[in-house]
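Presented below is the structure to which this report refers.
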Amino acid sequence: MTKYLTKIIASDKEGLRMISACTSGAKVKIADIKYLKSNKVFLLSIERTKIETNQKDKKINSICKFDFIDRVKSKNINQLNKENILELIGIDYLKNKDDYEINLIFNNNSHIVLNAEALEIRLEDQTEIK
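Numbered per numbering that gives the first Met the number 0, the sequence shown spans residues 0 to 129.
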């Protein structure tokens, strides 16, 4: 039996809404949040429940990748506490004149704002958690 691993690519509001729904409630360790400035890539390594296939008991490791990121700002996140785990509540965005402001909303009033020149987000499953 082959394992079906989800891969969602979003470049519009509907796609982002789908990724937000799939990642809602996901756990992310501070150490697993990376911004590769020279590549303009922001990565979140998350542990999430597979809601899109109605397998509520299935946990999966996924990568949420944001491309074309020019700037990253975080609020209420202690980046020195690498083992701290945040819960992702949702992902939303605002369109400014020439760019996008992507908001990653976490529990405890924490959030990360990504400034992007385009909307290009990928959610890719890596491995199933046994």
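Beta carbons: idealized from backbone N, C-alpha and C, even for Gly.
Here the structure is a predicted model, which means the values were calculated and not measured.
Beta-carbon within less than 8 Å of residue i's beta-carbon, same chain only, minus the 5 sequence neighbours each way: which residues are those?
i	result
residue 11	118
residue 77	29 and 83
So, using beta-carbon positions, are residue i and residue j closer together than 7 Å?
i	j	result
residue 7	residue 122	yes
residue 85	residue 109	yes
residue 31	residue 44	yes
residue 80	residue 100	no
residue 50	residue 120	no
residue 15	residue 124	no
Could you pull the DSSP bridge partners for residue i from this structure?
i	result
residue 124	61
residue 18	According to DSSP, which records beta bridges pairwise, residue 18 is partnered with nothing at all.
residue 7	122
residue 115	68 and 99
residue 28	84
residue 129	According to DSSP, residue 129 bridges with nothing at all.
Please go through the same chain and pick out, in chain order, the residues whose beta-carbon is closer than 7 Å to the beta-carbon of residue i, but skip the five residues on each side of it.
i	result
residue 22	45, 47, 63, 87, 90 and 122
residue 128	46, 58, 59 and 60
Which same chain residues, not among the five before or five after residue i, have their C-beta less than 6 Å away from its C-beta?
i	result
residue 93	100
residue 65	41, 113 and 120
residue 9	15, 18 and 120
residue 1	With a pLDDT of only 47 at residue 1, under 50, the local geometry of the prediction cannot be trusted, and no value is derived from it.
residue 126	60
Just to check my reading of the structure: residue i and residue j have Cβ atoms closer than 8 Å, yes? What is that Cβ distance to the nearest angstrom?
i	j	result
residue 104	residue 73	Residue 104 to residue 73, Cβ: 12 Å. No contact.
residue 67	residue 33	Not a contact, Cβ separation roughly 16 Å.
residue 75	residue 106	At roughly 10 Å, the Cβ-Cβ gap does not stay under 8 Å, so residue 75 and residue 106 are not in contact.
residue 69	residue 116	6 Å
Hey, would you say the C-beta of residue i is under 6 Å away from at least one heavy atom of the ligand COA?
i	result
residue 66	Although the ligand COA was asked about, the structure shown includes no ligands whatsoever.
Beta strand (DSSP E) runs contained entirely in the region 38 to 105, provided each spans 3 or more residues:
40 to 49, 54 to 65, 68 to 74, 84 to 94 and 99 to 105
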